[in-house]
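For reference, the structure is listed below as structure tokens.
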Amino acid sequence: MPEFGSFSLLLALILTAYNLVVGGFALWGGSASGLRITRIPEATWNRLGETARRAGIASFVALCCAAFALVWCAFHNDFAVEYIRAHSNIALNPAYKFAALWSGQEGSLLLWAFLLSAYGCVLRVRHRVDMRLSAFASTILAGIQIFFVLLLVVAAPPFSIAPGPVAADGAGLNPLLQYPEMVMHPPLLYLGYVGFSVPFAFALGALMMRYPGEKWIHITRRWTMVTWLFLTVGIFMGAHWAYSVLGWGGYWGWDPVENASLMPWLTGTAFLHSVMMQEKRGMMKNWNVWLIFSTFLLTILGTLLTRSGVVSSVHAFAQSAIGAWFYTFILIAFSVCLFVFFFNRDHLKSENKLESLVSRESSFLFNNMILLAACFTVLWGTLFPVLSEYVQGSKVTVGPPFYNRVNIPIGLFLLFLTGIGPLLAWRSTSLRSIRRNFILPSIAMGITAIALMIAGIRPWNDGDEMQSTLFSLVAFTLAAGVITAIVEEFLRGANVVRTQTGKNIFAAIILLIRRNTRRYGGYIIHFGIVVMFIGIAGGAFNQAREMEMTAGSSFNIGPYHLVCESMTQDSKPEYDTSYAILDVYRGGKYVMQLAPEKRAYFAGTDHEQSSTIVALHSTAQADLYTVFEGINPDSGLPIIKAYLNPLIAWIWIGVVFVVIGTFIALAPNLVRSAIRQRQEELAPTGPPAPSLGPAVLAKADHA
Amino acid sequence: MHRLLSHLRSPIFWAKTLQSALLCVIVVAMLGAGQTRYNRVGHELMCSCGCGQVLLECNHVGCPDSSRMINELHTQLDASNNDTAVLNWFEAKYGAIVLAAPIRGGFDNAAWIVPIGVFLLATGGTFVVVWLWKRRALSLAVANPAAAGIPAIPPQDDALRERIRRETEY
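Taken in order, these protein sequences are the chains called A and B. 5 is the number of the first residue of the first sequence in my numbering; add one for each residue after it. 957 is the number of the first residue of the second sequence in my numbering; add one for each residue after it.
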């Protein structure tokens, strides 16, 4: 099977190279034929382009085979393959054997190439949406794919054979990765990373062929949104994994690898907002092109940071010396972007200018600038240790204190813009409209601020904790304003629908959403983001207690009373485990039993690797988070650490709203469905009416 | 008085006021201190075991460094009332890498100044750009209303504008 895998990779390399070279040649030939530079008819070039397209689809099949071969090796414990020996073992749970595909460097690069070919396959199969633009995008994707396949064939082969006799068992998977979410988190994150290649390819292709209009944005809108959704869910699944497994009570440590995933998310979010200005008013064309270029380059930079070891990270399992390959690729990709932009920049002239400071356009512009400022801050903090070493000769640490101080104010400003942006009109907002739209949110903000101060959130009384309390107060106040604004928008629209149709308010809201999925899906996404902000702001009121416990001993944290029932040890095929059984009481009433655990994995290694299994009781109000820290070597007693993390659940609830909102925004409008229905009704009686063609459908979709 | 009232009615005035207020809040927030002394200083230090975690959050079983460093932190806090002196002591012993954020002055200041500068530049720059574009659009409108794409809707016709907004926006 390793031979089959290696052969599949070689075949994928040849097919991808064919797609790139012949596809590029056919595109050049097609243009030259149109300009009568060559005598070969255009149909011949098109046939050549078609073979390149099919080679691209075939490269997906070849990479499928390679990925299957690696998974097969993992399931059949083929420890002759070095990668399987290093990342799997006989007793490993089958789900984690499957996860071995992305547990190490070679496997995760194979996953990257496989996902890229899968996206490319969908694009190539759906090429009829715009054959010439799809051909450009397909060739550009082949250019990206060839880099990753070349890397797999030359620098990081996943099927290399381990030297010496075949090992009886493998080294096993890193215990920290043996957690259900870890089966989902990396592929989702990669789907997000890799997916941005598609809008990038379309943007670059559209610029290369000086594509008229904004159709490339309409084509890539769903690609971008799905990709953004994958990245969002991937990031938060990683955060939830860190919260549930690492046992330090937090979910985001500002590690360089975490930062690497956040940066393209920030620029991708900016792109999703600013393309609306291009669709709507033909503005910001240069800006949008560079936003998607930057997002793509940041995904590659993120991989470089993860893989090269250029910055120190706790994700050390992923590091190696393939940095030079990535530097070269980033340089080539950036040069191509710059070159194409430079020669076609006159094609990107804005059709309109901003007319007012108080308008939807300027709020998008501010939103973009703030998102980019946040992205720059993260990039700056991530690279500052390298810069410092270069300038001062000594490496420094840029950790959570830096990011929290700099990014929290930026985040609050973004929250503020989330609220006011949708309330402003395109072109210019009248004073009357401002008064009417802002009065309720302002009242809600005032009431919330006063209520919170009465409830005890008073920064001026908190002395040393003034900063975090103030941030929370501002965040809760802004959140109240934004939620009121969103609810007000829904109710106002629903009232109009109710008047028109006579439906009840709930039916009216559903009809309203169905009539304009994009707008109201967007509001639900904003609502989810605000809910997440509330969860993050709750962090200011975290509590922690640590205690050596014996059976019967107890302690209090917040409203909870924890009693140690017993301490137990157990042995499983892969690990030994020690855990404490804690009874949790609240207000004298028994709530539940928690069993925080510490595992010591021994599979295939000469030393133990430990892993923390957190036990938590989660409510909307707060999480009771308990950790078995280990045995005190002096006293022999187990150390239990308990955290009370207010509002953490709101973060995960917020993500659910973001997912729901994105699905709604992706759904077609009711108006479009009606047009489609009419088109279907007309179809049997004759050819489709030209006025109901794809352009009209697209227009209706964005109406 | 009339001029003052019209000034108060201007959306630009309110936008500027709002921006200034927000800026004040941000500046005040960024100047703020945080947490108790042990917590504050403990969160300014990294554990030297290589786990990449803040000293008070390192939770490795049998971590060779965190317990010792926490004891050292207690000793140093008792010995000195000056947080900077405590941090300097740790830096001298473990190197600059032990500090959780670049706070030694000199080039380290760049770590803080540059992002704040970029943030302020982005905010201020956007204001300037929008103002310039708006001015250019207005001058175009005066010279050639049709070319500037100025609508035939009188600016005071808010109801019509509002209806157009409702019917056309996303």
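For every residue, glycine included, the Cβ atom is placed at its ideal position computed from N, Cα and C.
If you measure from the beta carbon of Gly425 of chain A to each beta carbon in chain B, is any gap under 8 Å?
In the first sequence, counting from the first residue as 1, residue 425 of chain A sits at position 421. Judged by the 8 Å Cβ criterion, Gly425 of chain A is not in contact with chain B.
Should Pro236 of chain A be labelled buried (16 or more other beta-carbon atoms within 10 Å of its own) or exposed?
On the first sequence, position 232 is the one that residue 236 of chain A refers to. The amino acid at residue 236 of chain A is misidentified as Pro; the sequence shows Thr. Thr236 of chain A counts as buried, since no fewer than 16 other beta carbons sit within 10 angstroms of its beta carbon.
Under 8 Å between the Cβ atoms of Ser92 of chain A and Lys101 of chain A?
Within the first sequence, residue 92 of chain A is the residue found at index 88, counting from 1. Within the first sequence, residue 101 of chain A is the residue found at index 97, counting from 1. Against a cut-off of 8 Å, the Cβ pair of Lys101 of chain A and Ser92 of chain A comes out as a contact.
Tell me the residue span of the beta strand (DSSP E) that contains Gly634 of chain A.
By 1-based counting over the first sequence, the position of residue 634 of chain A is 630. DSSP places Gly634 of chain A inside the beta strand (DSSP E), whose first and last residues are Ala626 to Ile635.
Spell out a yes or no on whether the segment 209 to 217 of chain A and the segment 250 to 257 of chain A are touching, meaning 3 or more CB-CB pairs, one atom from each, closer than 8 Å.
By the criterion of at least three beta-carbon pairs nearer than 8 Å, the segment 209 to 217 of chain A is not in contact with the segment 250 to 257 of chain A.
Please list the terminal residues of the continuous beta strand (DSSP E) segment that includes Lys602 of chain A.
Along the first sequence, one-based indexing puts residue 602 of chain A at 598. In this chain, the beta strand (DSSP E) harbouring Lys602 of chain A covers Glu601 to Tyr605.
Let me see if you follow: with CB-CB separation under 8 Å, is Val410 of chain A close to chain B or not?
Taking the first sequence and counting its residues from 1, the one referred to as residue 410 of chain A is at position 406. With 8 Å as the cut-off, Val410 of chain A counts as an interface residue toward chain B.
Tell me which same chain residues have a C-beta within less than 8 Å of the C-beta of Leu1033 of chain B, skipping the five on either side of it?
As a first step, residue 1033 of chain B must be located in the second sequence, where it is residue number 77. Same-chain partners within the cutoff: Arg993, Tyr994, Val997 and Val1042.
For the beta strand (DSSP E) containing Asn649 of chain A, name the first residue and the last one.
Position 645 of the first sequence, counted from the first residue, corresponds to residue 649 of chain A. Pro642 to Pro650 is the extent of the beta strand (DSSP E) around Asn649 of chain A.
For Tyr1050 of chain B, I'd like the list of residues in its chain whose CB is within less than 6 Å of its CB, leaving aside the five on either flank, ordered along the chain.
Position 94 of the second sequence, counting from 1, holds the residue named residue 1050 of chain B. Ser1004.
Could you check what DSSP says for Lys507 of chain A in three-state terms: helix, strand or coil?
Taking the first sequence and counting its residues from 1, the one referred to as residue 507 of chain A is at position 503. Correct three-state label for Lys507 of chain A: coil.
Chain B within 8 Å of Pro405 of chain A, Cβ atoms only:
Taking the first residue of the first sequence as position 1, residue 405 of chain A is located at position 401. Taking Cβ atoms only, chain B reaches closer than 8 Å to Pro405 of chain A, which makes this a yes.
Near-chain A residues of the segment 1036 to 1058 of chain B (beta-carbon distance less than 8 Å), N- to C-terminal order
Gly1051, Ala1052, Ile1053, Val1054, Leu1055, Ala1056, Ala1057 and Pro1058
Answer yes or no: does any C-beta atom of chain B fall closer than 8 Å to that of Lys399 of chain A?
On the first sequence, position 395 is the one that residue 399 of chain A refers to. With 8 Å as the cut-off, Lys399 of chain A counts as an interface residue toward chain B.
Beta-ladder partner(s) of Cys568 of chain A, from DSSP:
The sequence position of residue 568 of chain A within the first sequence is 564, counting from 1. For Cys568 of chain A, which the question treats as bridged, DSSP gives the partners A:Leu586.
If I measure Cβ to Cβ from Thr505 of chain A and keep anything under 6 Å in the same chain, skipping five residues before and after, which residues do I get?
By one-based count along the first sequence, residue 505 of chain A stands at place 501. Nothing listed; no residue qualifies.
Between Ile513 of chain A and Phe494 of chain A, how many whole angstroms is the CB-CB distance? I'm expecting something under 8 Å.
For the purposes of this step, residue 513 of chain A is taken as residue 509 along the first sequence, with counting starting at 1. For the purposes of this step, residue 494 of chain A is taken as residue 490 along the first sequence, with counting starting at 1. That pair is a contact at about 6 Å.
Counting C-beta neighbours from all protein chains within 10 Å, is the total for Leu346 of chain A 16 or more, i.e. buried, or is it exposed?
Walking along the first sequence from the start, residue 346 of chain A turns up at place 342. Correcting the residue identity first, residue 346 of chain A is Phe in this sequence and not Leu. With fewer than 16 Cβ atoms within 10 Å of its Cβ, Phe346 of chain A is classed as exposed.
Under 9 Å, CB to CB, which of the residues in the segment 206 to 217 of chain A have a partner in chain B?
So nothing in the stretch comes that close.
Sequence-distant residues of its chain with Cβ nearer than 7 Å to Leu474 of chain A (five each side left out)
One-based indexing of the first sequence puts residue 474 of chain A at position 470. Pro463.
Over what stretch of residues does the alpha helix (DSSP H) that includes Leu270 of chain A continue unbroken?
Counting from one through the first sequence, the residue named residue 270 of chain A turns up at place 266. Unbroken alpha helix (DSSP H) run through Leu270 of chain A: Pro260 to Arg285.
Can you give me the C-alpha to C-alpha distance between Phe240 of chain A and Arg409 of chain A, rounded to a whole angstrom?
Residue 240 of chain A sits at position 236 when you count from the first residue of the first sequence. Residue 409 of chain A sits at position 405 when you count from the first residue of the first sequence. Approximately 21 Å, taken between the alpha carbons.
Please report whether the beta-carbon of Leu309 of chain A lies at a distance below 8 Å from any beta-carbon of chain B.
In the first sequence, counting from the first residue as 1, residue 309 of chain A sits at position 305. No, Leu309 of chain A does not count as interfacial toward chain B.
Which class does Leu177 of chain A belong to by DSSP, given the choice of helix, strand or coil?
Here the question's residue 177 of chain A lines up with position 173 in the first sequence. DSSP places Leu177 of chain A in coil when its eight states are reduced to three.
Are any of the Cβ atoms in chain B nearer than 8 Å to that of Phe370 of chain A?
Here residue 370 of chain A refers to the residue found at position 366 of the first sequence. With 8 Å as the cut-off, Phe370 of chain A counts as an interface residue toward chain B.
Could you tell me whether the Cβ of Phe661 of chain A comes closer than 8 Å to any Cβ of chain B?
To locate residue 661 of chain A, count along the first sequence from 1; it is residue 657. No, its Cβ sits nowhere closer than 8 Å to a Cβ of chain B.
Answer with buried or exposed for Pro650 of chain A, where buried requires no fewer than 16 other C-beta atoms within 10 angstroms of its C-beta.
Indexing the first sequence from 1 puts residue 650 of chain A at position 646. Flag for Pro650 of chain A reads buried.
Can you tell me which of A:Met571, A:Leu641, A:Leu566 and A:Gln573 puts its alpha carbon nearest to the alpha carbon of Leu628 of chain A?
Here residue 628 of chain A refers to the residue found at position 624 when the first sequence is read from its first residue. Checking every option, the nearest Cα to that of Leu628 of chain A belongs to A:Leu566.
Along the chain, where does the alpha helix (DSSP H) that runs through Phe206 of chain A open and close?
The residue labelled residue 206 of chain A in the question sits at position 202 within the first sequence. Segment Ser201 to Met212, the alpha helix (DSSP H) holding Phe206 of chain A.
Just the Cα atoms here: how many angstroms apart are Arg51 of chain A and Ala146 of chain A?
Translated into positions along the first sequence, residue 51 of chain A becomes position 47. Translated into positions along the first sequence, residue 146 of chain A becomes position 142. About 18 Å.
Span separating the alpha-carbon of Ala139 of chain A from that of Ala16 of chain A
Taking the first residue of the first sequence as position 1, residue 139 of chain A is located at position 135. Taking the first residue of the first sequence as position 1, residue 16 of chain A is located at position 12. For Ala139 of chain A and Ala16 of chain A, the distance between alpha carbons rounds to 19 Å.
Interface partners of His1030 of chain B on chain A, CB under 9 Å:
Translated into positions along the second sequence, residue 1030 of chain B becomes position 74. Those within 9 Å of His1030 of chain B in chain A number zero; the least Cβ separation is about 15 Å.
Which chain A residues sit within Cβ distance under 8 Å of Pro1020 of chain B?
Indexing the second sequence from 1 puts residue 1020 of chain B at position 64. Per Cβ cutoff of 8 Å: no residues; Pro1020 of chain B is ~12 Å from chain A at best.
Output needed for Leu13 of chain A: all residues of its chain with C-beta closer than 6 Å, excluding positions within five of it in sequence on either side, in chain order.
Along the first sequence, one-based indexing puts residue 13 of chain A at 9. Once the five neighbours on either side are set aside, the close Cβ partners of Leu13 of chain A are Ala70, Leu156 and Val157.
What residue from A:Arg440, A:Ser614 and A:Arg349 has the CA that sits closest to Leu427 of chain A's CA?
One-based indexing of the first sequence puts residue 427 of chain A at position 423. Leu427 of chain A has its Cα closest to that of A:Arg440, out of A:Arg440, A:Ser614 and A:Arg349.
Considering just the uninterrupted stretch of the beta strand (DSSP E) at Ala103 of chain A, what are its terminal residues?
By 1-based counting over the first sequence, the position of residue 103 of chain A is 99. First-last for Ala103 of chain A: Pro98 to Ala103, but that is the alpha helix (DSSP H), not the beta strand (DSSP E).
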